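Only one structure is covered here, and it is reproduced in the block below.
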Amino acid sequence: MNEQEKWNYINTLEEELLLGGVILSEWSTFLAKDAELAFCSGANLAAILAAQAAIESHLRYVYFDPVQTKGWGLYHLIENAGLPNDLNNSLHKLRKYRNQWVHVEDPTQDDHLLEKPEYYEEELEEMAKLAIKSMLRVLYIEQFV
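In case it helps, the working numbering puts the sequence shown at residues -14 to 130.
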């Protein structure tokens, strides 16, 4: 996807998912905007990380008291937010995928990355698309008319 196609993807998702109004914290808004900019600019790993940060921020803002969730990671927030099962599953898939990139077990094992970077780039783009869609679903889950 080129940059315009990515913006079209986001706009289509917003038209599909946003049917009313939502209240977002400034943190969630800032992080979501950054995720979208990263995605459209081709920084797919950055888009995944920023989208998950926006998701975490929004879950804390909407569903939990900050004192209640002190020390909770994304896993506990997802498990305790009461989200639809398909969204819950997508968020865990993203969380596990992110962990592979953030917590690299052996950085010397990079042969496949060097030999087939296009495989990782394609995979990252697909996961970034899922991250953006999941982020928007979380941000727009509590709507009012």
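From the three backbone atoms N, C-alpha and C, an ideal C-beta is built for every residue, glycine too.
All of these numbers come straight from a predicted model, not from anything done at the bench.
Looking at the DSSP output, G6 sits in a beta bridge with F129.
Using a Cβ distance threshold of 9 Å, F24 and A36 count as a contacting pair. CA-to-CA, the gap between D91 and Y(-6) works out to about 35 Å. In this structure A20 touches I117 by the C-beta definition: roughly 6 Å separates them, less than 8 Å. Cβ-Cβ separation between L2 and L121: approximately 5 Å, consistent with a contact (criterion under 8 Å). Secondary structure of D19 (DSSP, three-state): helix.
For P69, there is no enclosing alpha helix (DSSP H), as DSSP gives it neither H nor E. Ranking W86, Q128, L68 by CA distance to the CA of L109 puts W86 first. About 5 Å separates the CB atoms of L44 and A66; that is less than 8 Å, so the two are in contact. Only exposed fits S26, as fewer than 16 other CB atoms lie within 10 angstroms of its CB.
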